[in-house]
Structures are given as structure tokens and as C-alpha cells.
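**Student:** Just remember that the numbering used here sits 3 ahead of the position in the sequence shown, which is counted from 1. We put the beta carbon where it would ideally sit given N, CA and C, even for glycine.
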Amino acid sequence: MSRSLLILNGKKSDYPGFRETVESLRSSGLEILVRVTWEYGDCQRFVDEANELGIERVVACGGDGTLNEVANGLMNLPREKRPYLGIVPLGTANDFAVSCCLPQDVSEALKNSVEQAPRTIDMARAEDHSFINV
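#1: If distances are taken between C-alpha atoms only, which option among 80, 75, 87 and 25 comes closest to residue 113?
#2: Leaving aside the five residues before and after residue 115 along the sequence, list all residues of the same chain whose C-beta is less than 7 Å from its C-beta, in chain order.
#3: Between 98, 37, 27 and 60, which lies nearest to residue 15 when the distance is taken from Cα to Cα?
#4: Could you check where the beta strand (DSSP E) with residue 64 kicks off and where it finishes?
#5: Which residues mark the beginning and the end of the alpha helix (DSSP H) in which residue 29 is found?
#6: Spatial neighbours of residue 58 within its chain, please: C-beta separation below 7 Å, excluding the five flanking residues on both sides.
#7: By Cβ distance, which residues of its chain are closer than 8 Å to residue 136, with the 5 residues on each side in sequence left out?
#8: Taking all protein chains shown into account, decide if residue 96 is buried (16 or more other Cβ within 10 angstroms of its Cβ) or exposed.
#9: Using DSSP with H/G/I as helix, E/B as strand and the rest coil, what is residue 85?
#10: Could you round the C-beta distance between residue 88 and residue 73 to whole angstroms and report it? I think they count as a contact, below 8 Å.
#11: Within 10 angstroms of the Cβ of residue 121, are there 16 or more other Cβ atoms? Answer buried if so, exposed if not.
#12: What are the partner residues of residue 121, as DSSP defines its beta bridges?
#13: Compare the C-alpha of residue 91 against each of 104, 125 and 81 and name the closest.
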């Protein structure tokens, strides 16, 4: 069974439909953990926790800033230990998600993030900073 850890931007913790979709996915048999960010650095700590727990998928639930922090956290792990990255766009612009034609509906995006087969994407690195979107 696939195990996922959702990293939810704290400002979006009451996003309509999010909690209900998580509960529905859990009732279908998926193991889903949720962590809510409070301050800068939380994403890295949660990515490290996912690594320690052997989580297969880490899902960034927020806007482009949350996605950037989660992606950087994953890139700090050795390649062979990196969980897959899922994206649930809950921000204002959701530039990366829109450019990748990812679903903007929270339920559909969350289901896709934990159930669909992963796809490979490129990331760039400049000095110690990785980025997923320009």
C-alpha cells in the first residue's frame, strides 16, 4: 500500500473540501499523514520525517512557495531516498501547476497526487538552491 505525507501550508488548513477528500482517501485504504506548516523550515523537517518513515510520496499542498520549499527539501535527500513529489495547488497563482496542466480542483488534485503513477520532471540547481519553476 502506498503511503503519502501531505505538507499543508498552515494558511490553507481550512481549505474547502481538503479534509473531506483526505478522509475519503483514507477510508478507501490509503495511508495518508498530514503535516501543517507554521514557519519557514517546517517543510524540510517534514520531508526529513517522511524519509525516516519510508514514505513513498510527499505532497506539497499550497502555492508556489510551499512547492518550492518542499521540492528543495526533497532535493536535499540522496536521490535513492527521495519520495515522489505530488502537488495540490492551493495558492493564488499556482504557476507551476497551471503550466503543467495539473488539476486545480482540490479533490481531483489530491487524488491524482496519491494515486497516479509518478512522472519525471527536471529541476534546476544554482549553488545550494534548487528550483522547480522559473
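**Tutor:** On the basis of the coordinates in this document:
#1: 25
#2: 106
#3: 37
#4: 60–65
#5: 21–30
#6: 6, 7, 8 and 86
#7: 67, 70, 71, 98, 99 and 102
#8: exposed
#9: coil
#10: 7 Å
#11: exposed
#12: In DSSP, residue 121 forms no bridge with anything.
#13: 104
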